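Down below is the structure, laid out as structure tokens.
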Amino acid sequence: MFRLYETAQSSAQSVGFVKALRAQFKHKSLLVWDSTVRHNSRVVRKYLDSTRGAIQMALLPVYART
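Using this note's numbering, read the sequence shown as starting at 604 and increasing by one per residue.
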């Protein structure tokens, strides 16, 4: 699943993406993201914590960005 944004993505949009991902895939998921602030924000981490492990996040190292 992916989404394209014309402008910089916000933390709220990241949470919206994860919610859509969770709605589409009912099994446990591992989300692999780069380490940008919008992916690793308090808002995103709080939402992921609320899923009680249904969605876990692995962040790529900063130098792994393309």
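Built from N, CA and C at the ideal position, the CB exists for glycine as well.
Remember, it's a predicted structure, so these values are computed and weren't measured experimentally.
Query, Result
"Rounded straight-line distance, which links the Cα of SER613 to that of GLY656", "23 Å"
"Check whether ASN643 and LEU663 have beta carbons under 8 Å apart", "no"
"Continuous alpha helix (DSSP H) stretch holding GLN627: start and end", "614-627"
"Nearest-angstrom beta carbon gap, VAL665 and ALA646 [assumed within contact, 8 Å]", "Sequence inspection shows Val at residue 646; the Ala mentioned does not correspond to that position. 20 Å between Cβ atoms; not a contact."
"Environment of TYR650 [buried if 16+ CB atoms lie within 10 Å]", "buried"
"Within 8 Å, strictly: CB atoms of GLN659 and LEU634", "yes"
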